[in-house]
Amino acid sequence: MSENNGRLAVRKTYKLFVGGAFPRSESGRSYAVRSAKGVFLANAALASRKDARDAVVAARKAFPGWSGATAYNRGQILYRVAEMLEGRRAQFAAELVDADGVSARKAGELVDAAVDRLVWYAGWSDKIAAVHGSANPVAGPYFNLSTPEPSGVVAVVAPPMGPLLGLVSVIAPVIVSGNTCVVVASERAPLPAITLAEVLATSDLPGGVVNILTGRAAELAPWLAGHMDVNGIDLTGCPEELAVACERDAAENLKRVFRPDPGEDWLATPGTARLRAFLETKTVWHPVGI
Amino acid sequence: MSILTTSLAEVASSDATLRAFLHGLPGVDRVGADQRAAVLGTRSIKTTAKAQAIDLAISMVDLTTLEGADTPGKVRAMCAKAVHPDPSDPSAPRVAAVCVYPDLVAEAAAAVAGTGVKVASVATAFPSGRTSLEVKVADTALAVAAGADEIDMVIDRGAFLSGRYLKVYEEIAAVKAAAGEAHLKVILETGELATYDNVRRASWLAMLAGADFIKTSTGKVSPAATLPVTLIMLEAVRDFRARTGRMVGVKPAGGIRTAKDAIKYLVLVNETAGEDWLDPAWFRLGASSLLNDLLMQRQKLATGRYAGPDYFTLD
Chain A
144 MSENNGRLAV RKTYKLFVGG AFPRSESGRS YAVRSAKGVF LANAALASRK
194 DARDAVVAAR KAFPGWSGAT AYNRGQILYR VAEMLEGRRA QFAAELVDAD
244 GVSARKAGEL VDAAVDRLVW YAGWSDKIAA VHGSANPVAG PYFNLSTPEP
294 SGVVAVVAPP MGPLLGLVSV IAPVIVSGNT CVVVASERAP LPAITLAEVL
344 ATSDLPGGVV NILTGRAAEL APWLAGHMDV NGIDLTGCPE ELAVACERDA
394 AENLKRVFRP DPGEDWLATP GTARLRAFLE TKTVWHPVGI
Chain B
6 MSILTTSLAE VASSDATLRA FLHGLPGVDR VGADQRAAVL GTRSIKTTAK
56 AQAIDLAISM VDLTTLEGAD TPGKVRAMCA KAVHPDPSDP SAPRVAAVCV
106 YPDLVAEAAA AVAGTGVKVA SVATAFPSGR TSLEVKVADT ALAVAAGADE
156 IDMVIDRGAF LSGRYLKVYE EIAAVKAAAG EAHLKVILET GELATYDNVR
206 RASWLAMLAG ADFIKTSTGK VSPAATLPVT LIMLEAVRDF RARTGRMVGV
256 KPAGGIRTAK DAIKYLVLVN ETAGEDWLDP AWFRLGASSL LNDLLMQRQK
306 LATGRYAGPD YFTLD
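Protein chains in written order, with this note's numbering: chain A, 144 to 433; chain B, 6 to 320.
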């Protein structure tokens with residue numbers, strides 16, 4: 144952002160990421176984002192409920208293609224996201240220093256952890272069915288098979304802390320199994336989320352699989368929780384009171400709700416809880432010998 | 006210009022007088038029409054006005070199925086939806102009409118009998134219109150005999166574009182005679198007419214020949230209905246009433262998929278032709294997927310939460 148050699152600074156406009164494109168908020172609103180030390184960094188788009196609605200439409204449109212892709216292909220694309228993220232390591236580290244006030248060394252470690260997290264989940268893509276599916280013994284001449292299938296469109300409220308690692312840790316498990324998602328980025332530190340969107344947009348990830356909104360969780364989450372075309376909601380970033388209200392709204396169309404214990408350690412190996420949260424089991428009966 | 010003085014009764018006496026009249030119509034300012042339609046499309050219609058607009062739009066829908074794969078079962082299902090668009094909410098108005106191919110008219114007429122929903126049938130070798138006048142007239146007469154209240158005919162675009170206006174005029178008049186009591190909607194297929202001037206001429210030609218409605222498109226050609234084309238047709242029906250005292254309806258069809266689009270059309274009607282046309286008797290929306298979006302918006306206004314397509318019928 145500085146003026147080098149008399150050049151005019153070229154500043155980035157931080158917009159939303161919806162359907163593979165970077166639109167401004169339909170409301171035209173934006174808000175000032177400040178660093179951990181209170182220095183003005185940039186203006187970010189302040190998404191409205193209509194942006195959330197548009198994002199759900201984009202996610203729904205992307206669902207058949209993404210859930211129909213082979214697990215192997217989805218894993219490859221997630222791995223590709225990791226490759227792209229690795230290539231922008233320095234940019235993300237600098238953004239994390241600004242956003243979180245961490246040391247440059249710590250910021251580098253957080254970016255590395257985010258890359259590793261993507262690779263870790265990418266590996267799960269073609270293993271979920273083997274680990275969480277089953278061949279069930281039944282009292283009849285049938286093969287009885289259960290396989291986990293994606294739920295559909297999942298709304299994700301990203302954690303306010305961990306603007307990159309936390310964000311990657313909530314997005315990757317949702318999409319690796321074939322869901323598409325609408326993510327409300329950290330209100331406090333949304334800039335790494337939009338930079339991550341640039342990574343996603345150049346990673347062969349079909350448009351609409353991940354849609355990122357920046358703005359207030361308290362404004363957007365209730366609309367997503369009540370939306371009849373959203374199949375699941377991850378309330379990680381919601382404070383207690385908001386999470387309770389969202390959970391109540393989500394009951395209207397029996398959304399799958401994931402509400403983890405607060406204070407999750409993003410640096411720890413995650414386990415499969417997030418992966419399993421937005422899967423549903425399909426059981427097939429097939430006659431034996433025909 | 007002669008257009009202001011010519012008696013309309015004599016206009017169709019020969020190809021030459023008809024051409025002189027149609028080419029004497031003032032030209033359409035394309036940029037102006039596009040701009041006007043775009044500006045009217047930005048009107049903000051909210052809350053109670055929106056609720057009223059959505060209900061009005063539902064009551065103007067000609068619920069349409071014109072697929073080669075149509076079956077009597079599909080037509081019955083569509084008719085049930087036409088009568089009760091939202092089974093979970095009896096306050097949802099019924100649609101204006103169902104629109105089907107001629108061989109399915111009897112099925113549709115039986116399904117909507119006594120409900121107030123009209124049966125419209127496309128006829129005259131829809132969608133191309135490429136057949137002899139005898140076949141077109143027979144097609145129309147059979148559809149009316151089977152119980153159609155409204156006939157949607159296509160004009161011979163080939164004849165129109167090559168300047169044989171009298172042929173187009175006589176075909177419309179012959180089909181109008183065959184339709185008898187049934188309302189005649191004349192499809193101009195504006196996507197094939199190339200210019201806005203032609204849209205204006207075709208509108209006047211159809212109205213002079215006795216059309217009760219002028220309709221933009223078959224839905225089989227892209228572009229189908231657009232706002233500027235509908236604007237020009239609305240101006241034509243307005244001017245025609247001023248000239249003759251007879252009111253003609255307008256029906257944009259094809260490509261109208263969202264409640265937002267439908268409301269833009271209603272604004273256009275109100276601002277161009279006037280409030281008289283804001284009635285299912287004078288303005289229709291030919292559509293199939295539009296109805297579900299209108300119902301979803303209606304439900305959003307009623308419940309305060311965004312609706313999902315999973316809760317409405319597939320059609």
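Glycine is no exception: its CB is placed at the ideal position from the N, C-alpha and C atoms.
If we ignore side chains and look at the alpha-carbon of each, how far apart do Ser-7(B) and Asp-39(B) end up?
Translated into positions along the second sequence, residue 7(B) becomes position 2. Translated into positions along the second sequence, residue 39(B) becomes position 34. For Ser-7(B), the predicted model reports a pLDDT of 46, less than 50, meaning its position is unreliable; a value from the coordinates is still stated below. Looking at the two C-alpha atoms, the distance is approximately 28 Å.
Between Ala-312(B) and chain A, is the shortest Cβ-Cβ distance under 9 Å, so that the two count as touching?
Against the second sequence, residue 312(B) aligns to sequence position 307. At least one chain A Cβ lies under 9 Å of Ala-312(B).
At the level of alpha carbons, what is the spacing between Val-311(A) and Ala-58(B)?
Numbered from 1 along the first sequence, position 168 holds the residue referred to as residue 311(A). Numbered from 1 along the second sequence, position 53 holds the residue referred to as residue 58(B). Cα-Cα distance, rounded: 44 Å.
Please go through the same chain and pick out, in chain order, the residues whose beta-carbon is closer than 8 Å to the beta-carbon of Leu-290(B), but skip the five residues on each side of it.
By 1-based counting over the second sequence, the position of residue 290(B) is 285. Only Ala-62, Met-65, Val-66, Asp-67, Lys-256, Pro-257, Ala-258, Ile-261, Ala-267 and Tyr-270 meet the Cβ criterion.
With a cut-off of 9 Å, does the C-beta of Met-304(A) fall near any C-beta of chain B?
Numbered from its first residue, the first sequence carries residue 304(A) at position 161. False, the Cβ-Cβ gap to chain B never drops below 9 Å.
Quick one: give me the first and last residue of the beta strand (DSSP E) that Glu-423(A) is part of.
Your numbering for residue 423(A) matches position 280 in the first sequence. It spans 422-430 - the beta strand (DSSP E) in which Glu-423(A) sits, taken as one unbroken run.
Checking contacts by CB at 9 Å: is Gly-309(B) closer than that to chain A?
As a working mapping, residue 309(B) is identified with position 304 in the second sequence. Chain A, which has a Cβ nearer than 9 Å to the Cβ of Gly-309(B), makes this yes.
Classify Tyr-316(B) as helix, strand or coil using the three-state DSSP reduction.
Along the second sequence, one-based indexing puts residue 316(B) at 311. Three-state DSSP puts Tyr-316(B) in a helix.
From Asp-217(B) to Ile-237(B), what does the alpha carbon distance come to, in whole angstroms?
To locate residue 217(B), count along the second sequence from 1; it is residue 212. To locate residue 237(B), count along the second sequence from 1; it is residue 232. One C-alpha to the other measures close to 17 Å.
Do you know offhand how far Ala-247(B)'s Cα is from Leu-283(B)'s?
For the purposes of this step, residue 247(B) is taken as the residue at position 242 of the second sequence. For the purposes of this step, residue 283(B) is taken as the residue at position 278 of the second sequence. The alpha-carbon atoms of Ala-247(B) and Leu-283(B) are separated by roughly 17 Å.
Could you tell me which of Arg-150(A), Lys-193(A) and Leu-422(A) sits nearest to Gly-321(A), measuring between CA atoms?
Reading the first sequence from its first residue, position 178 is the one you call residue 321(A). Ranking the options by Cα distance to Gly-321(A), first place goes to Leu-422(A).
If you compare alpha carbons, which of Trp-428(A), Gly-432(A) and Gly-414(A) is closest to Ile-271(A)?
Within the first sequence, residue 271(A) is the residue found at index 128, counting from 1. For Ile-271(A), the nearest C-alpha among the options comes from Gly-414(A).
Do you know offhand how far Val-241(B)'s Cα is from Asp-94(B)'s?
In the second sequence, counting from the first residue as 1, residue 241(B) sits at position 236. In the second sequence, counting from the first residue as 1, residue 94(B) sits at position 89. Residue identity check: residue 241(B) is Ala in the sequence provided, not Val. Those two C-alpha atoms are separated by around 38 Å.
Between Val-327(A), Glu-238(A) and Arg-260(A), which has its C-alpha nearest Ala-368(A)'s C-alpha?
Residue numbering aside, residue 368(A) sits at position 225 when the first sequence is read from its first letter. Of Val-327(A), Glu-238(A) and Arg-260(A), the residue nearest in Cα terms is Val-327(A).
Kindly confirm or deny that the region 236-250 of chain A and the region 202-220 of chain A touch, where touching means at least three C-beta pairs closer than 8 Å.
Flag = no, the region 236-250 of chain A and the region 202-220 of chain A do not touch.
Are the CB atoms of Trp-366(A) and Arg-192(A) within a distance shorter than 9 Å?
Within the first sequence, the letter at position 49 stands for residue 192(A). Within the first sequence, the letter at position 223 stands for residue 366(A). Going by C-beta atoms, Arg-192(A) is nearer than 9 Å to Trp-366(A).
Rounded C-beta distance between Ala-257(A) and Gly-351(A)? I'm assuming under 8 Å.
Translated into the one-based positions of the first sequence, residue 257(A) becomes position 114. Translated into the one-based positions of the first sequence, residue 351(A) becomes position 208. Rounded, the Cβ-Cβ distance is 22 Å, inconsistent with contact.
In chain order, what residues of the same chain lie with their CB nearer than 7 Å to the CB of Gly-361(A), ignoring the 5 residues before and after it?
Along the first sequence, read from residue 1 onward, the residue named residue 361(A) stands at position 218. In the sequence as displayed, the identity of residue 361(A) is Ala instead of Gly. Same-chain partners within the cutoff: Leu-385.
I'd like to confirm the pairing. Which residues does DSSP put opposite Met-157(B) in its beta bridges?
Taking the second sequence and counting its residues from 1, one reaches residue 157(B) at position 152. For clarity, residue 157(B) is Asp in the given sequence; the question names Met instead. In the DSSP output, where bridge partners are listed per residue, Asp-157(B) has Val-127(B) and Lys-190(B).
Going along chain A in order, which residues have a C-beta closer than 7 Å to the C-beta of Tyr-316(B)?
Locating residue 316(B) in the second sequence gives position 311, where the first residue counts as 1. Within chain A, the residues near Tyr-316(B) are Met-371.
Our contact map puts Val-353(A) next to Ile-318(A) with C-beta atoms below 8 Å; I'd like the distance itself, whole angstroms only.
As a first step, residue 353(A) must be located in the first sequence, where it is residue number 210. As a first step, residue 318(A) must be located in the first sequence, where it is residue number 175. Yes, Val-353(A) and Ile-318(A) are in contact; Cβ-Cβ is about 6 Å, under 8 Å.
Flag this pair as yes or no: are the beta carbons of Ala-187(A) and Leu-334(A) separated by less than 9 Å?
By one-based count along the first sequence, residue 187(A) stands at place 44. By one-based count along the first sequence, residue 334(A) stands at place 191. Contact flag set, yes.
To the nearest angstrom, how far is it from the Cα of Leu-189(A) to the Cα of Thr-235(B)?
The count along the first sequence starts at 1 and reaches residue 189(A) at position 46. The count along the second sequence starts at 1 and reaches residue 235(B) at position 230. Spanning the two alpha carbons is a distance of roughly 37 Å.
Less than 9 Å between the beta carbons of Lys-181(B) and Gly-215(B), yes or no?
Counting from 1 along the second sequence, the entry for residue 181(B) is found at position 176. Counting from 1 along the second sequence, the entry for residue 215(B) is found at position 210. Result yes, Cβ atoms of Lys-181(B) and Gly-215(B) sit closer than 9 Å.
Return the bridge partner residues of Pro-291(A) from the DSSP annotation.
Translated into the one-based positions of the first sequence, residue 291(A) becomes position 148. Thr-424(A).
Looking only at its chain, what residues have a beta carbon closer than 7 Å to the beta carbon of Ala-148(B), apart from the 5 residues adjacent to it on each side?
As a working note, residue 148(B) is residue 143 in the second sequence. Correct list, in chain order: Pro-107, Val-110, Ser-126, Ala-128 and Ile-156.
Beta-carbon of Val-199(A) versus every beta-carbon of chain B: anything under 9 Å?
As a position in the first sequence, residue 199(A) is number 56, starting the count at 1. Yes - at least one Cβ of chain B is within 9 Å of the one on Val-199(A).
Nearest chain B C-beta to Asp-392(A) closer than 9 Å, yes or no?
Along the first sequence, read from residue 1 onward, the residue named residue 392(A) stands at position 249. Answer yes: the Cβ-Cβ gap between Asp-392(A) and chain B drops below 9 Å somewhere.
For Pro-413(A), would you say it is in contact with chain B, using Cβ-to-Cβ distances shorter than 9 Å as the test?
On the first sequence, residue 413(A) is found 270 positions in, with the first residue counted as 1. For Pro-413(A), the answer is no, since every Cβ of chain B falls outside 9 Å of its Cβ.
Report the residues of the region 193-227 of chain A with a CB closer than 9 Å to any CB of chain B, ordered along the chain.
From the region 193-227 of chain A, only Ala-195, Arg-196, Val-199 and Arg-203 have a Cβ closer than 9 Å to chain B.
Classify Thr-357(A) as buried or exposed, calling it buried when 16 or more other Cβ atoms lie within 10 Å of its own Cβ.
For this step, residue 357(A) is matched to residue 214 along the first sequence. Thr-357(A) comes out buried.
Could you please tell me which residues of the region 340-366 of chain A, in chain order, have their CB closer than 8 Å to any CB of chain B?
Against chain B - using a Cβ distance shorter than 8 Å - the residues of the region 340-366 of chain A are Trp-366.
Which stretch, first to last residue, makes up the alpha helix (DSSP H) that contains Val-352(A)?
One-based indexing of the first sequence puts residue 352(A) at position 209. Premise fails: Val-352(A) is in no alpha helix (DSSP H) and is neither H nor E.
How do the region 264-281 of chain A and the region 374-388 of chain A stand: do at least 3 beta-carbon pairs fall below 8 Å, yes or no?
No, the region 264-281 of chain A does not touch the region 374-388 of chain A.
With H, G and I counted as helix, E and B as strand and the rest as coil, what does DSSP make of Lys-256(B)?
By 1-based counting over the second sequence, the position of residue 256(B) is 251. Of the three classes helix, strand and coil, the one that applies to Lys-256(B) here is strand, per DSSP.
Specify the secondary structure class of Phe-206(A) as computed by DSSP and reduced to three states.
As a first step, residue 206(A) is located in the first sequence; it is residue number 63 there, counting from the start. Residue state, collapsed to three classes: helix.
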